[in-house]
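Take a look at the structure below.
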Amino acid sequence: MPNAPPITLVMLLGLGFFFGLAFEEFYANANQKRPGGIRTFPLLALTGALLYRLDPTRLLPVTAGLLVLGIWLVCYYWRRLDETDAEGFPNVGLVVPVCNVLAYLLGPVALAEPTWVPVGATVAAVLLLTARPGLHRFAHRVELAEIVNAGKFLLLTGFALPLLPDTPVTDLTPITPHQVWLAMVAVCTVSYAGYLLQRYVAPPGGGLLVALLGGLYSSTATTLVLAKQARSEPAVLRTSNAGIVLATAVMYLRLLMVILVFNRALAMVLLMPLVGLSGLGLVVALGWYVLGGREAQSAGSNALPGNPLELTTAATFAGLFVVISIATAWATQRFGSAGTYALAAIVGVSDIDPFVLNLAQGDASHITVATEANAVLIAASSNNVVKAVYALVYSKGQTLVGAGTLLLLAVLGIAVAVTV
Numbered sequence: 021m022p023n024a025p026p027i028t029l030v031m032l033l034g035l036g037f038f039f040g041l042a043f044e045e046f047y048a049n050a051n052q053k054r055p056g057g058i059r060t061f062p063l064l065a066l067t068g069a070l071l072y073r074l075d076p077t078r079l080l081p082v083t084a085g086l087l088v089l090g091i092w093l094v095c096y097y098w099r100r101l102d103e104t105d106a107e108g109f110p111n112v113g114l115v116v117p118v119c120n121v122l123a124y125l126l127g128p129v130a131l132a133e134p135t136w137v138p139v140g141a142t143v144a145a146v147l148l149l150t151a152r153p154g155l156h157r158f159a160h161r162v163e164l165a166e167i168v169n170a171g172k173f174l175l176l177t178g179f180a181l182p183l184l185p186d187t188p189v190t191d192l193t194p195i196t197p198h199q200v201w202l203a204m205v206a207v208c209t210v211s212y213a214g215y216l217l218q219r220y221v222a223p224p225g226g227g228l229l230v231a232l233l234g235g236l237y238s239s240t241a242t243t244l245v246l247a248k249q250a251r252s253e254p255a256v257l258r259t260s261n262a263g264i265v266l267a268t269a270v271m272y273l274r275l276l277m278v279i280l281v282f283n284r285a286l287a288m289v290l291l292m293p294l295v296g297l298s299g300l301g302l303v304v305a306l307g308w309y310v311l312g313g314r315e316a317q318s319a320g321s322n323a324l325p326g327n328p329l330e331l332t333t334a335a336t337f338a339g340l341f342v343v344i345s346i347a348t349a350w351a352t353q354r355f356g357s358a359g360t361y362a363l364a365a366i367v368g369v370s371d372i373d374p375f376v377l378n379l380a381q382g383d384a385s386h387i388t389v390a391t392e393a394n395a396v397l398i399a400a401s402s403n404n405v406v407k408a409v410y411a412l413v414y415s416k417g418q419t420l421v422g423a424g425t426l427l428l429l430a431v432l433g434i435a436v437a438v439t440v
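Residue numbers (our numbering): 21 to 440.
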């Protein structure tokens, strides 16, 4: 094994010092002195590194050192099992011995792995150690149903996806079951992230923050919520108008993200149009919100979205994806690009994600990238028209600014599709 550069040992001591400093600061107000700290952790890291250097192949010295450290920690805690903290609980736990073991293992890891591994491990340990109160508060806020939702997400991504065949099962469409499920997972990932942020991060009455996160989840659903709020709470009309535009501006970026996962060429063609439309929406939303002045906050703006991982939602998306895939293939073969554009305008009245992702994963031999890009812009514009109608109807005409901006974005999207 080549000699370790001196900078590695300096970095190792620095990481041990940083870890020990955070450890001592966290337990500064404890009634009992815990093993470890600003001197112990650097020494443990240095010991682990030196023992690793003695035999980097069989790892006998470093393993023996780990056993000695473990035995000492067991003896230490064995003598203190009867002690209790201020709340009456046993004054022992796994965090302290795990921190000591981790400090010891930083030495071998720093010598055997790239620099980012020990640095990342140390930073993660410090963040988890010092974030204890916040993490416990978060754990108390999370409902059992959300844990089940996380299990559904893991099943969708890590269990079901690898089992599906990646070959077409019908001559009606080149899309495979694996592609259908992968598209659903991509959309659910973005939507689920927005759902969690909106549910647990956005503060009550969060105004534009709720609209921004709602755009990641569903700009249509967010438009409906804000339009109803504008009708029932005129005091927050300005925020509702700005939020409707902001949610659609985020929708453009959301489409670009999911397209990039499946079709980089299509994403590059759509990069400037989608970013430009999103930028215009952001400018209008923020400009209207800032220039309009202050207004009352509303608890109603914190309306929660539905869970995007419900089985009915997933099944509906998969069914729409297959149907739209067949319809796209038929329309393209029968009517060429005009058929694709007509279908894009039609699907805009509902969820455009299945159509957009079908284009991103479709058979490139039947449709050009330029046609795909134009179809995406037409579908998004059609969806904007529908959202503008929703905004006017559900707000009883109160959201003229938001609806007008959505119509402007729709016209500009069509103009880009026609001229490109």
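Even glycine gets a Cβ: it sits at the ideal position worked out from N, Cα and C. These numbers come from a predicted model, not from an experiment.
**Request:** Give the DSSP-derived three-state secondary structure of I58 in the structure shown.
**Result:** DSSP, read as helix, strand or coil, puts I58 in coil.
**Message:** Does the contact criterion of 3 or more C-beta pairs under 8 Å hold for the region 251-262 versus the region 281-288?
**Reply:** No, they do not touch.
**Asked** CB A437 to CB L397, shorter than 7 Å?
**Response** Taking 7 Å as the cut-off, the beta carbon of A437 is found closer than this to the beta carbon of L397.
**Message:** Does E392 come out as helix, strand or coil in the three-state DSSP assignment?
**Reply:** The DSSP-derived three-state label of E392 is helix.
**Prompt:** Cα separation between L125 and G56?
**Reply:** Cα to Cα, the separation comes out at about 14 Å.
**Prompt:** V369: which of G356, L155, Y410 and H160 sits nearest, CA to CA?
**Reply:** That would be Y410, whose Cα lies nearest to the Cα of V369.
**Request:** Under 8 Å by Cβ, that's how I've got T419 and S260 pegged, so tell me the actual separation to the nearest angstrom.
**Result:** Between T419 and S260 a beta carbon distance of about 6 Å is seen, short of the 8 Å cut, so the two are scored as contacting.
**Message:** With H, G and I counted as helix, E and B as strand and the rest as coil, what does DSSP make of Q418?
**Reply:** DSSP places Q418 in coil when its eight states are reduced to three.
**Asked** Which residues bound the alpha helix (DSSP H) around P293?
**Response** According to the DSSP assignment, P293 belongs to the alpha helix (DSSP H) that extends over R284 to L311.
**Asked** Using a threshold of 6 Å, is the CB atom of G56 nearer than that to any non-hydrogen atom of the ligand PLP?
**Response** In the structure shown, the ligand PLP is absent, as is every other ligand, since no ligand is present at all.
**Prompt:** Taking the C-alpha atoms as reference points, what is the distance between V281 and V342?
**Reply:** About 19 Å.
**Message:** Assuming F355 and V367 are in contact, meaning their beta carbons sit under 8 Å apart, how far apart are those beta carbons, in whole angstroms?
**Reply:** The Cβ separation is near 15 Å, so there is no contact.
**Request:** With DSSP collapsed to three states, give me the class of Y12.
**Result:** Outside the shown range of the chain, which is 21 to 440, sits residue 12, and nothing can be said about it.
**Asked** Can you round the beta-carbon distance between P117 and L93 to whole angstroms, since I take them to be within the 8 Å contact cut?
**Response** So it is a contact: roughly 4 Å between Cβ atoms.
**Message:** Please classify T243 as buried or exposed, where buried requires at least 16 other C-beta atoms within 10 Å of its C-beta.
**Reply:** Result: buried.
**Item:** Host alpha helix (DSSP H) of R100 (start-end)
**Value:** R100 -> no alpha helix (DSSP H), and no H or E assigned at all.
**Request:** Give the C-beta separation of P138 and L35 to the nearest angstrom, bearing in mind that I take them to be a contact with Cβ-Cβ under 8 Å.
**Result:** Indeed, because the Cβ distance is near 6 Å, the residues count as touching under 8 Å.
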